[in-house]
Structure formats: structure tokens, C-alpha cells
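Its first residue numbered 10, the sequence shown is counted upward by one per residue in our numbering. Everything below concerns the one structure shown next.
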Amino acid sequence: MQRLHALLFDVWREACQHIEIATSVSRIARLLEERVQIRGVLVRRIDHERRTLETVASSPPSSVEGAEEARLELTAAAFEDLLDWCGHRALFRSSSGQEAPNGVLPPGIDDEVLAGPLTVEGRAAGVLVLIADRGRHFDREDESVILALLDPFSTALENDRRLREMATLRQAAEADKLSALTRLGRTSLTADIVGAELGLRPVLQRVDLV
10 MQRLHALLFD VWREACQHIE IATSVSRIAR LLEERVQIRG VLVRRIDHER RTLETVASSP
70 PSSVEGAEEA RLELTAAAFE DLLDWCGHRA LFRSSSGQEA PNGVLPPGID DEVLAGPLTV
130 EGRAAGVLVL IADRGRHFDR EDESVILALL DPFSTALEND RRLREMATLR QAAEADKLSA
190 LTRLGRTSLT ADIVGAELGL RPVLQRVDLV
């Protein structure tokens, strides 16, 4: 139990310290290799609008050929089944004889797999997949480990989502700023602008937002 608590402390530290999901997963995977006999870790993001599952982080990248580009579009019914599985916070272990939930696993994985849902504020956000060393099978203790990992990995995935969202907003704001300056015939805001208190007020307010 103490070893698990120590592992979780280190995992949480990496999940909160590194905002980009690829970086945090890579560093966490190295920690897990010392505790669980695995050869790879995958994180798959759920896109609710497009009804897709996409691998956004894989460590090491060579653990599954083509995993980084693996994206799967699901039918409405299959997507609902996936969300239902995530809602129950159930685990999937390939040696259990169960059929894998729709989209959980990308193609190209032949080894034992243990997967669990990643959720943020009760909303399905993605899937965590652990790939066992060749010839090895996961056990009950490994299931306890992945259950404990779901929260820090969910946090890492949400941090990455917010980072991408902020980058998108920044690009849009920069584009608005450039458009506003172009309409004003200027390249900067270093001097007073005639009309700043009249019709140009809405434009300048958007520039100030940047």
C-alpha cells in the first residue's frame, strides 16, 4: 500500500507539473514501468462533437505502430455504448473474455491490455490503456493500480485540453488584433487614435482584450 501511495504521489506531481499530455504521459510511463510490468501507455481522447476517439499520447511512441495517428469515428449507437461504459467507470481487461468497448483500443495491439475511462466532472473525456509486457497477463493488483491512476490521468488530459483551447483563443485574438489594426491603417497602438471615443470604441475594446 505504501508503494502505491508513493507511486500516486509521483504520478500526480508529473500530471500537474507538465501541461502537455505527451510530456506528462511520457514521464508517468517511466514511473509505471518501475511498478507494473508494462511495455506501453496510451491515452485516447473522446471528441463528443465528432463522435471520435483519438490517441493523443503514446509512451513509448513505438509501443503500438501508428498509434499516434489512430482515430476512430463511431456511429451514434456505438458512441452511446462507449459513454455508458465510461459512466460506470468500468475496467476492461482483454484476457477476461469480454468484448472491448467500442473504440477503446486502436488497431495493432496483440498483447494483454488493461483499460479504464477518464472522466472530468462526470463527463467522459478519454480512455487510459496499459499494454502488458509480451507474454504477461494483468492481475487484480494491476486493476487496483489503474483504478488509482484514472484521476491523475484525467487531470492531465483536461490540462492539455485547456492548453489547446487557450492556444486557439489566443490565435483568434491575434487575428482580431491584426484585422483591427489593418482597418485603422496602423501597425501598433503606440499613439492616440482619432475616433477612439466614438465609432471605433467596439474595435478598440477587442484590441484591449488581446
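Here a beta-carbon is modelled for each residue, glycine too, at the ideal position from N, C-alpha and C. All values reported here derive from a predicted model rather than from experimental measurement.
### Task
Could you tell me the distance, in whole angstroms, from the CA atom of Leu166 to the CA atom of Ala157?
Along the sequence shown, one-based indexing puts residue 166 at 157. Along the sequence shown, one-based indexing puts residue 157 at 148. Cα to Cα, Leu166 sits roughly 15 angstroms from Ala157.
### Query
Where in the region 19-87 do unbroken runs of the beta strand (DSSP E), each at least 3 residues long, occur, reported from the N-terminal end onward?
List check, beta strand (DSSP E) in window: 47-56, 61-68, 80-82.
### Query
Exposed or buried, Ala184, counting other C-beta atoms within 10 Å across all chains shown (16 or more means buried)?
By one-based count along the sequence shown, residue 184 stands at place 175. Exposed, by the Cβ-count rule.
### Query
So with Cβ pairs under 8 angstroms, would you call Gly96 a contact of chain D?
The structure shown contains no chain D; it holds only a single protein chain.
### Proximal residues to Leu100 (C-beta, below 8 angstroms), its chain only, five neighbours per side dropped
As a position in the sequence shown, residue 100 is number 91, starting the count at 1. These residues qualify, in order along the chain: Leu123, Ala124, Gly125, Glu152, Ile155, Leu156.
### Task
Return yes when the Cβ of Gly135 is within less than 8 angstroms of the Cβ of Arg53, no when it is not.
Locating residue 53 in the sequence shown gives position 44, where the first residue counts as 1. Locating residue 135 in the sequence shown gives position 126, where the first residue counts as 1. Contact: yes.
### Task
Could you check how far apart the C-beta atoms of Arg12 and Arg44 are, in whole angstroms? I think they sit under 8 angstroms.
As a position in the sequence shown, residue 12 is number 3, starting the count at 1. As a position in the sequence shown, residue 44 is number 35, starting the count at 1. Sure, about 7 angstroms apart at Cβ, within 8 angstroms.
#### Entry: Beta-bridge pairing of Phe101 - partner residues as DSSP gives them
Walking along the sequence shown from the start, residue 101 turns up at place 92. According to DSSP, Phe101 bridges with Ala124.
### Segment contact, 8 angstroms Cβ cut-off, at least three pairs: the region 22-34 with the region 106-123
No contact exists between the region 22-34 and the region 106-123.
#### Entry: Residue range of the unbroken beta strand (DSSP E) whose run includes Arg132
Here residue 132 is taken as the residue at index 123 of the sequence shown, counted from 1. Looking at the DSSP string, the run of the beta strand (DSSP E) that includes Arg132 is 132-141.
### Query
For the putative contact between Ala85 and Arg59, defined by C-beta atoms under 8 angstroms, what is the C-beta separation to the nearest angstrom?
Indexing the sequence shown from 1 puts residue 85 at position 76. Indexing the sequence shown from 1 puts residue 59 at position 50. Not quite, the Cβ-Cβ distance comes to about 12 angstroms (not below 8 angstroms), so this is no contact.
### Message
For Arg39 and Arg143, which I take to be in contact (beta-carbon distance under 8 angstroms), what is that distance rounded to the nearest angstrom?
### Response
In the sequence shown, the residue the question calls residue 39 occupies position 30. In the sequence shown, the residue the question calls residue 143 occupies position 134. Contact flag wrong, Cβ pair sits at about 19 angstroms.
### Task
Could you name the residues of the same chain whose beta carbon sits closer than 7 angstroms to that of Cys95, not counting the 5 residues immediately before and after it, in chain order?
Counting from one through the sequence shown, the residue named residue 95 turns up at place 86. Counting only Cβ-Cβ distances below 7 angstroms, and skipping sequence neighbours, we find Pro126, Thr128, Ala133.
### Cβ-Cβ distance between Ala24 and Thr164 below 8 angstroms
In the sequence shown, counting from the first residue as 1, residue 24 sits at position 15. In the sequence shown, counting from the first residue as 1, residue 164 sits at position 155. Taking 8 angstroms as the Cβ cut-off, Ala24 and Thr164 qualify as a contacting pair.
### Message
Quick test of your reading: Gly112 and Leu62, contact by CB under 8 angstroms. State the CB separation rounded to the nearest angstrom.
### Response
As a first step, residue 112 is located in the sequence shown; it is residue number 103 there, counting from the start. As a first step, residue 62 is located in the sequence shown; it is residue number 53 there, counting from the start. Going by Cβ atoms, the distance from Gly112 to Leu62 rounds to 4 angstroms, so yes, they are a contact pair.
### Query
Can you name the start and end residues of the alpha helix (DSSP H) that Ala109 belongs to?
Numbered from 1 along the sequence shown, position 100 holds the residue referred to as residue 109. Taken as a continuous stretch (DSSP letters only), Ala109 belongs to no alpha helix (DSSP H), as it is neither H nor E.
#### Entry: For Leu137 and Leu159, believed in contact at Cβ under 8 angstroms, the rounded distance
Counting from one through the sequence shown, the residue named residue 159 turns up at place 150. Counting from one through the sequence shown, the residue named residue 137 turns up at place 128. The Cβ separation is near 6 angstroms, so the contact holds.
### Task
Starting from the C-beta of Leu92, find all residues in its chain whose C-beta is less than 6 angstroms away, skip the five residues before and the five after it, and write them out in chain order.
Locating residue 92 in the sequence shown gives position 83, where the first residue counts as 1. Ala133, listed in sequence order.
#### Entry: Beta bridge counterpart(s) of Val129 as assigned by DSSP
Indexing the sequence shown from 1 puts residue 129 at position 120. In DSSP, Val129 forms a bridge with Arg132.
### Query
What separation, rounded to the nearest whole angstrom, lies between the Cα atoms of Arg179 and Ser104?
For the purposes of this step, residue 179 is taken as residue 170 along the sequence shown, with counting starting at 1. For the purposes of this step, residue 104 is taken as residue 95 along the sequence shown, with counting starting at 1. Arg179 and Ser104: Cα-Cα distance of roughly 46 angstroms.
### Query
Over what stretch of residues does the alpha helix (DSSP H) that includes Arg145 continue unbroken?
The residue labelled residue 145 in the question sits at position 136 within the sequence shown. Counting along the chain, no alpha helix (DSSP H) covers Arg145, and no H or E run does either.
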